[in-house]
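Okay, structure first, notes after.
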Amino acid sequence: MLSLYQSILTPRLIEERMLLALRQGKLSKWFSGIGQEAISVGATLALDEDEWILPLHRNLGVFTCRNLPLQRLFSQLLGKAGGYSHGRERSFHFGTRDHHIVGMISHLGPQLCVADGIALAHRLRRQSKVTMVFSGEGGTSQGDFHEALNLASVWDLPVLFVIENNGYALSTPPTQQYRCRQLVDRAQAYGMEGHQIDGNDLLLVHRTVQELTRSMREQPRPVLLECLTFRMRGHEEASGTDYVPDQLTQQWAARDPVLQFENYLLRERLIQAEQCESIRTQLSERISTAFEAALEEQPPAPDPKRETQDVYRAFLPGPRATCGAARELRYVDAIAEGMRLAMQHHFDLVFMGQDVAEYGGVFKISKGLLDEFGAERVRNTPLCESAIVGATLGLSVAGMKSVMEMQFADFASCAFNQIINNLAKSHYRWGQNADVVIRLPSGGSVGAGPFHSQSLEATFAHIPGLKIVYPAFPDEAKGMLLAAVEDPNPVLYFEHKALYRRLKGPVPDGYYTTPLGVAHRLRSGDQVTIITYGLGVHWALEVLDANPEIRATLLDLRSLLPLDVQAILEAVRASGKALVLHEDTLTGGIGAEVAALIAHHCFEYLDGPVVRCGSLDTPVPFARELEQDFLAKARFEQQLRELLAY
0 MLSLYQSILT PRLIEERMLL ALRQGKLSKW FSGIGQEAIS VGATLALDED
50 EWILPLHRNL GVFTCRNLPL QRLFSQLLGK AGGYSHGRER SFHFGTRDHH
100 IVGMISHLGP QLCVADGIAL AHRLRRQSKV TMVFSGEGGT SQGDFHEALN
150 LASVWDLPVL FVIENNGYAL STPPTQQYRC RQLVDRAQAY GMEGHQIDGN
200 DLLLVHRTVQ ELTRSMREQP RPVLLECLTF RMRGHEEASG TDYVPDQLTQ
250 QWAARDPVLQ FENYLLRERL IQAEQCESIR TQLSERISTA FEAALEEQPP
300 APDPKRETQD VYRAFLPGPR ATCGAARELR YVDAIAEGMR LAMQHHFDLV
350 FMGQDVAEYG GVFKISKGLL DEFGAERVRN TPLCESAIVG ATLGLSVAGM
400 KSVMEMQFAD FASCAFNQII NNLAKSHYRW GQNADVVIRL PSGGSVGAGP
450 FHSQSLEATF AHIPGLKIVY PAFPDEAKGM LLAAVEDPNP VLYFEHKALY
500 RRLKGPVPDG YYTTPLGVAH RLRSGDQVTI ITYGLGVHWA LEVLDANPEI
550 RATLLDLRSL LPLDVQAILE AVRASGKALV LHEDTLTGGI GAEVAALIAH
600 HCFEYLDGPV VRCGSLDTPV PFARELEQDF LAKARFEQQL RELLAY
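Numbers 0 to 645, taken from numbering that gives the first Met the number 0, label the letters of the sequence shown in order.
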């Protein structure tokens, strides 16, 4: 009981110290959890120390109960170099693998999906472990809440979803947030168990979570736990609480979880008033000493090289040259062979996507994988792109690899937040890499219309932390997929649908990798340099084969992030003219970045303007005649001849 008392008192005293620091101008912002401490403390202490927790803004008790060194915790909160994120993240937006805590992002709901991935890893490894993730009542309105709970229920994942219902989200009361009588009722819709408790009763929270997690370890399943509580201060200190009726604040102040537990100990004669004061004094001194030490630490020193390097997990791929004889394979079959070899080579690799198991995926690339590797590693998913991408990060947290197949690249928009804010940023923020490959059937020329034909590679090329590849030939398709799976960073693997069954080429047998970030010079010539990738490579080859008098260097980028800048510059300097071709719409495409690089670094070598050839700035039309006119191919040869004549 005394240990519990110290555990709930510690975050309260830290809060009081941080509020003082805020008033003194030593802290820029603070999200207070005063009034909600019993939930974080009681729940955290009920879990095993090696079970993962995904906290939010008001869960200081999670960090203190996991025994993070106080000085380093304060270094984090003050933005010092010694903090867990080295000054890159604010307050509680950080994680630590040593203490099994996953760093939150501001979008809140996506963390629920990450918890699913961690729990899936435990199930696959036959580990009797529970994952706990927090949400506010406001976060339950997000789509990720639905996707995460639905997925956890379908897959029987041992996730404890804890709703801290403090009544106001930021300032919006429950009547404007949801119409169900109580949030715990939502559990029934997902076929899962649900409980509602008083979140200000420390012993009740601790006992409930202890009983639930003990049962969940024995019988893996998700559980929804709604904890009723109240936030005594503003969403953050600057926002105030003018929107809260004074009477309501007074009612909840009388139920302060720290004072309630202290009064219980005094009433039961488990502690004396002098002991309470002594414990407070000792804790306050420890906190003050650690805070002052952190305050004296140096701020992070800017180092652009280090900052850039830390965006990605360092990785030096070993030499994996082609081996054995080559066979003539279709582009689609080369990808399928790459997937099969990746599954054979990486025993911890999980493959997920809509209809990828028995059906073999809409393009039949995964046909047969279920029979060879089983339903645990080849998993059909509900239609929940965001949840599955979030789960891939959870698998990475647990040390596993994953490949996700988007049914069409267009549907990546449903997981945009997870890709750009979770996968891409986690390593830079707190050192957790996302060992994930997302396969994206992409592009037009197949008469599929606006929502199954888009080229989205440039949309993601702007996001540091991602890697983007786009193979143009069967041998590259296989080798780059295997290289992407080996790479511990998140890789978006674009594969062109129009090439699936139309393109054949020699593909070496066995396991080999084609290095990422390295362009491929297909032809050399001194008149003009054509820089392209994907289907654009074949458009260029078609024109050059039909016009052998054109002496062109043809550079297939293959990797779009990172770009092989050196190969681009060398190719342009050798010819003096450059045309950048891509299937994507012209404005904001990869060609704009390549053209800017050329203009900056090759200006004195140029004998003409840098030309960009892209598709029309419209959605992709359905009718074949309209689509053919939309595509950059319709203008490529004319623009090439105009540049040659310049």
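Quick reminder that beta carbons are idealized off the backbone N, C-alpha and C, glycines included. Predicted model only: the values in this text are computed from it and were never measured.
key: Environment of Ser563 [buried if 16+ CB atoms lie within 10 Å]   = Note that residue 563 is Asp in the sequence shown, not Ser. Classification of Asp563: buried, given that the 10 Å Cβ count is 16 or more.
inquiry  = In this structure, how does DSSP classify Phe629 when only helix, strand and coil are distinguished?
reply    = helix
query = To the nearest angstrom, how far is it from the Cα of Gln431 to the Cα of Glu494?
reply = 27 Å
ask   = Is the beta carbon of Asn165 less than 9 Å from the beta carbon of Gly359?
value = no
query = What does a CB cutoff of less than 7 Å around Arg634 pick up in its chain, not counting 5 residues either side in sequence?
reply = Cys612
key: Beta carbon of Arg206 nearer than 9 Å to that of Ala45   = yes
request  = Spatial neighbours of Phe472 within its chain, please: CB distance less than 6 Å, with the 5 preceding and 5 following residues excluded, ordered by chain position.
outcome  = Gly504
ask   = Rounded to a whole number of angstroms, what is the C-alpha to C-alpha distance between Ala50 and Asp245?
value = Per the sequence shown, residue 50 should be read as Glu rather than Ala. The alpha-carbon atoms of Glu50 and Asp245 are separated by roughly 40 Å.
ask   = beta strand (DSSP E) containing Arg305: first to last residue?
value = Arg305 -> not in any beta strand (DSSP E); alpha helix (DSSP H) instead, spanning Pro303 to Gln308.
inquiry  = For the pair the stretch 146-154 and the stretch 370-386, tell me if three or more CB-CB distances fall below 8 Å.
reply    = yes
request  = Go ahead and label Thr617 buried or exposed: buried means 16 or more other beta carbons lie within 10 angstroms of its beta carbon, across all protein chains shown.
outcome  = exposed
query = Whose CA, out of Ala433, Ser134 and Gly24, lies closest to the CA of Ile52?
reply = Ser134
ask   = Roughly how many angstroms separate the alpha carbons of Phe372 and Met342, rounded to a whole number?
value = 8 Å
message = In the DSSP output, which residue or residues are listed as bridge partners for Glu192?
response = Val222
request  = Return the bridge partner residues of Tyr492 from the DSSP annotation.
outcome  = Arg438 and Val468
Lys673 - partner residues in DSSP beta bridges = Nothing can be reported for residue 673, as the shown portion of the chain is limited to 0 through 645.
request  = Taking the CB atoms as reference points, tell me whether Ile100 and Val61 lie closer together than 9 Å.
outcome  = yes
request  = Mind reading off the beta-carbon distance from Phe144 to Gly108? Whole number of angstroms is fine, and I expect it under 8 Å.
outcome  = 5 Å
request  = From the DSSP output, read off the bridge partner residues of Gly135.
outcome  = Glu163
inquiry  = If you reduce the DSSP assignment to three classes, tell me which class Leu562 lands in.
reply    = coil
query = Measuring CA to CA, which of Leu294, Ala497, Ala539 and Gln353 is closest to Gly24?
reply = Leu294
query = In or out: Tyr83 buried (at least 16 other Cβ within 10 Å) or exposed?
reply = buried
For His519: DSSP bridge partner residues = Asp555
request  = Look at the alpha carbon of Leu123 and the alpha carbon of Gln627, and state the distance between them as a whole number of angstroms.
outcome  = 47 Å
task = Measure the C-alpha to C-alpha separation of Tyr4 and Glu261 and round it to an integer number of angstroms.
result = 7 Å
task = Out of Pro547, Tyr499 and Gly137, point me to the one whose CA is closest to Leu534's CA.
result = Tyr499
key: Cβ contact (3+ pairs, closer than 8 Å) linking the stretch 408-415 and the stretch 579-586   = no
ask   = Hey, which unbroken runs of the alpha helix (DSSP H) at 4 residues or more fall wholly within the stretch 22-82?
value = 36-45, 59-64 and 69-76
task = Look at the Cβ atom of Gln406, then the Cβ atom of Asp354, and state whether they are nearer than 9 Å.
result = yes
request  = Scan the stretch 389-469 and note each continuous alpha helix (DSSP H) run of 4 residues or more that stays entirely inside, going in chain order.
outcome  = 425-429 and 456-460
query = Per the contact definition of three or more C-beta pairs closer than 8 Å, is the stretch 529-545 in contact with the stretch 466-481?
reply = yes
query = In terms of alpha-carbon separation, which member of Arg11, Pro316 and Leu481 lies closest to Leu282?
reply = Arg11
ask   = Beta carbon of Val527, beta carbon of Ala591: below 9 Å?
value = no
ask   = Across which residues does DSSP place Thr528 in a beta bridge pair?
value = Thr552 and Ala577
Start-end ranges of the beta strand (DSSP E) lying completely within the stretch 333-373, minimum 3 residues = 348-352
query = Between the C-alpha atoms of Gln259 and Met17, what's the straight-line distance to the nearest angstrom?
reply = 23 Å
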